[in-house]
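To keep things clear, I will list the structure first and then write my remarks on it.
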Amino acid sequence: MRVLVTGAAGFVGAAICEALGARGVSVLGLDQRAPSSTETFGPLFDHVTADLRDRSSLDRSLHGKGLTHVVNAAAITPDAALEETDPELVLDVNLLGAVRILQAASANGIRSMMQLSSISVYGTAEPEPDGRYHEDHTRPAPVSLYAIGKFSAEMSLRRLAGPAGVNLCVLRVGPIFGPFEHASRSRAVTSPHHQSLMAARAGERVVLPRPIPADWCYSRDAAAHIAALATYAGPLPEIVHIGAGTITTLPDWCAVLALHFPDFQWRIDAAVPSVRYGYDSDRPALATDRLRSLVPNRHTDLHAAAGDWIDWLNCDQRTKELSS
């Protein structure tokens, strides 16, 4: 088994590379640049540079690599400015890039593909009676260009995967925070958790826009679930949710940060928030019953997540200092 992970230099892609490496899986990471932190990816990790907007670039990168599976984690998560100024780029990567990956995978003998989608595809959809979104019952109603592109990619891949001879599983991923998170042009606005932690480390105050209750999932938990599904022995459902399964809030997170940074100060004031968040209203949680029926549950509580993430940041900083 050898897995191609696209978007390997990005937030979620890097976490998946680490999780697959922990399982002893051979991984080829693909991105426009090499990942900056690969120390925890394991000895079977290698990377190649390629552009999802260039089919010939993908074919050259995949040819002869012995790949059996692909996890497409490459994406652009635009803020409002990028959505307005370069919508073509957003759709070229999130929609057409996914199609090109499927085509290149099929042409190079890869028969299994996981497409990372998003909770955002549900958009304005009403949750089910239990207050959650369900894979088989909730009808997506995407609103943002990101969500529209992601849902269009889902539908396009479902149409094309069968004739291409590729088994497809779509993973709709909930809100994530944790190691490997960083701001970039592909993801200009990081999670509120990341913004708050960076402020706490810098000795800055945080002003939250509101509590934002959600099924916030630690990145290493999400990646562990994705890696477990990628190595699953049997057939997978068409759609699987990746989420925490529990609701936490930003005040919960800030209270934990205050235990690590005693001088850290935070408050809620919707009029002058220092923390950016891309949604005007709170979203329902993802139902994760299907995920739990397929792979072992992994849940890192906020206290453990904060400690682990801070340790990771300190280690990553030391590694960069030694290599500079």
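Residue 38 is where the sequence shown starts when you use our numbering, and the numbers rise one by one after that.
Note that CB positions come from ideal geometry on N, CA and C, so glycine has one too.
Going straight from the alpha carbon of residue i to that of residue j, what length do you get?
{"i": "Ala-237", "j": "Thr-337", "result": "21 Å"}
{"i": "Thr-114", "j": "Leu-205", "result": "22 Å"}
{"i": "Ala-259", "j": "His-100", "result": "29 Å"}
{"i": "Ile-185", "j": "Asp-88", "result": "22 Å"}
{"i": "His-297", "j": "Val-127", "result": "38 Å"}
{"i": "Tyr-255", "j": "Glu-121", "result": "30 Å"}
{"i": "Glu-55", "j": "Ser-63", "result": "11 Å"}
{"i": "Ser-361", "j": "Leu-350", "result": "Confidence is the limiting factor: at Ser-361 the pLDDT is only 45, short of 50, which leaves the residue's position unreliable, though a coordinate-based value still follows. When rounded, the distance between both Cα atoms is 16 Å."}
{"i": "Val-244", "j": "Ala-307", "result": "8 Å"}
{"i": "Leu-81", "j": "Ala-59", "result": "10 Å"}
{"i": "Glu-275", "j": "Ala-144", "result": "22 Å"}
{"i": "Val-203", "j": "Ser-155", "result": "21 Å"}
{"i": "Leu-194", "j": "Ile-138", "result": "10 Å"}
{"i": "Val-108", "j": "Val-207", "result": "10 Å"}
{"i": "Leu-41", "j": "Ser-98", "result": "10 Å"}
{"i": "Asp-345", "j": "Pro-200", "result": "44 Å"}
{"i": "Asp-319", "j": "Gly-103", "result": "44 Å"}
With which residues is residue i paired in a DSSP beta bridge?
{"i": "Gln-152", "result": "Asn-109 and Val-207"}
{"i": "Thr-337", "result": "Beta-bridge pairing links Thr-337 to no other residue."}
{"i": "Thr-77", "result": "Thr-77 pairs with nothing; no bridge assigned."}
{"i": "Phe-82", "result": "Val-64"}
{"i": "Ala-322", "result": "Arg-169"}
{"i": "Phe-214", "result": "Tyr-255"}
{"i": "Thr-43", "result": "Leu-67 and Asn-109"}
{"i": "Val-243", "result": "Trp-303"}
Considering just the uninterrupted stretch of the alpha helix (DSSP H) at residue i, what are its terminal residues?
{"i": "Asp-258", "result": "256-267"}
{"i": "Thr-122", "result": "117-122"}
{"i": "Ile-138", "result": "134-144"}
{"i": "Arg-92", "result": "92-99"}
{"i": "Val-57", "result": "One detail in the question is off: residue 57 reads as Leu in this sequence, not Val. Run containing Leu-57: 48-59, per the alpha helix (DSSP H) assignment."}
Take the Cβ of residue i as the centre, count every other Cβ of all protein chains shown within 10 Å, and call the residue buried at 16 or more, exposed below.
{"i": "Ser-73", "result": "exposed"}
{"i": "Arg-131", "result": "The residue asked about is misnamed: residue 131 is Asn in this sequence, not Arg. Flag for Asn-131 reads buried."}
{"i": "Arg-242", "result": "exposed"}
{"i": "Ala-343", "result": "buried"}
{"i": "Leu-359", "result": "For Leu-359, the pLDDT reaches just 41, beneath the cut-off of 50, and the residue's location in the model is therefore unreliable, leaving the point undetermined."}
{"i": "His-230", "result": "buried"}
{"i": "Gly-146", "result": "exposed"}
{"i": "Val-312", "result": "buried"}
If I follow the unbroken beta strand (DSSP E) through residue i, where does it start and stop?
{"i": "Ile-305", "result": "303-305"}
{"i": "Ser-63", "result": "63-68"}
{"i": "Val-277", "result": "276-279"}
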